[in-house]
Amino acid sequence: RGFIKVDGPVRDEPLDISKISEDTQLTDVDKAINRWYRRELARNLGLKVADLNIGKGSGESLIMRAHRLVAQRDAKAALAAAEKEGRQIAEAEVLAVLRAWAFAKNPNRQNVLPDGSEWVWSDTLGLIRDRIGDIHVTAASKTYPEVATVMNRYLSDRLPSELRSFKWTSLNVNCNYAAKMHRDGNNFGPSFIKAFGEFTGGELNYWPEDDRKLDRLEDMKEKDKVQLDLSKGLAMFNGNSAHSVEDFEGERYSIVYFAVGCYDKAPEACKAECRDLGMNYPASDEDPRCLLRAPRGYKAGAAKRKGPEPVPACRFLPTSSLEKGGAKKTPAKRPAPAGGAASVAKRRAAGGA
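This note's numbering applies: residue 243 is where the sequence shown begins, and numbers increase by one.
Now the structure itself:
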């Protein structure tokens, strides 16, 4: 109303100070707004202001840090409740953690990007080999260990005795995108996948006999795929074979449990960290074909064999057969993390797991 006079430059919007490398770029107004915003953000999410301190170069914005702390808090509570009550981690508890988590924009998963997209909401927890060849446990896994642990417990709580030998080192955690047809680069052994949320569609399309001898993925035939409803159970599949996700509507998250091909080259300290997070780490002499057989290809007659098979090409475990009680109702949705998960919910997806 004319009572405030502004001297000097005016910003289009407040700065995210956690992303500024040089403090000399900040004005007194920037610092004052940031102090106020931190207090309000902490108050609204029930956090301590001191907990929002993050280092430069962490890859997280202030609001990402806040929402990930909430996810960590929810994961800790779920683990404690399951331990006290002697029950499984409930699907609703995993969904609550996923809804709270602030996903990063990931432009590096070029093989899964839906047409027209430059990035997807996707994070990796556990072991990874980066683009310069370094093998390490991701920073988010170390900063929010209970988030990874609650997801690992969800799977390990449900593995039947005949699948207890499943091994994994890493989790791909995805939000609200449908991956186009692709093959994973160099996974070791099979993967497990489960989808969470309130959505329709979003089935996993999988070509179990794809032996990678067809160079062009578009040459895969519709009649050769199997389609698995990941809202109703856990699917074990070979991620090195062709797969995609159907279009969907609603809020859809997925967790992929897999072992990286370089797992045996990881430092012993990294292997120990993965085990501490609840991963069933593979041994040096692990057999990658003990739970799923090798694909046979799609040449004439190659995929047809007579008689029962001791090891299948894929497996599907219905949720109803895996629950041992302690079910919890689906949690109410929280406001979406800014620049994060549910900002693209209830849209028509096109094109990962």
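Note that CB positions come from ideal geometry on N, CA and C, so glycine has one too.
If you draw a straight line from the Cα of Ala555 to the Cα of Thr561, it is about 20 angstroms long. A residue is called buried when at least 16 other Cβ atoms come within 10 angstroms of its Cβ; Ser403 does not meet this threshold and is exposed. Closest in alpha carbon position to Glu282, among His378, Ala308, Leu268, Gly301, is Ala308.
With respect to Glu445, Asp461 sits apart: the two C-beta atoms are not nearer than 9 angstroms.
In the structure shown, Gln352 falls within a coil segment according to DSSP collapsed to helix, strand and coil. Taken through DSSP and simplified to helix, strand or coil, Cys556 comes out as coil. If you draw a 10 Å sphere on the C-beta of Arg454, you find fewer than 16 other C-beta atoms in it, and that means exposed. Out of Lys507, Val487, Asp357, Ser483, the CA that lies nearest to the CA of Gly443 is found in Val487. Contact between Val339 and Leu413 is absent: CB atoms are separated by about 12 angstroms, not below the 8 angstroms threshold. Within its own chain, the residues whose Cβ lies closer than 8 angstroms to the Cβ of Leu459, once the five positions on either side in sequence are excluded, are Met423, His424, Arg425, Ala484, listed in chain order. Note that the C-beta distance between Ile377 and Ala508 is below 9 angstroms. Judged by DSSP in its simplified three-state form, Tyr523 adopts coil rather than helix or strand. For Arg531, the number of other beta carbons within 10 angstroms of its own is below 16, and it is reported as exposed.
Counting along the chain, Trp363 sits inside no alpha helix (DSSP H); it lies in the beta strand (DSSP E) bounded by residues 362–371.
When DSSP reads this structure, Gln469 sits in a beta bridge with Asn447. DSSP lists Ala477, Val498 as the beta-bridge partner residues of Ile435.
For the 9 angstroms CB-CB criterion, Asn522 and Ser433 do not form a contact.
For Cys417, the uninterrupted beta strand (DSSP E) segment begins and ends at 412–417.
Judged by their CB atoms, Pro387 and Leu294 are not nearer to each other than the 9 angstroms cut-off.
Under the three-state reduction of DSSP, Val487 is assigned to strand. Residue environment analysis places Gly301 among the exposed positions, since fewer than 16 neighbouring C-beta atoms fall within 10 angstroms of its C-beta. Contact check for Trp410 against Phe500 passes: the beta carbons are separated by less than 9 angstroms. By the Cβ rule, the segment 349–359 does not count as touching the segment 313–323, because fewer than three pairs are nearer than 8 angstroms.
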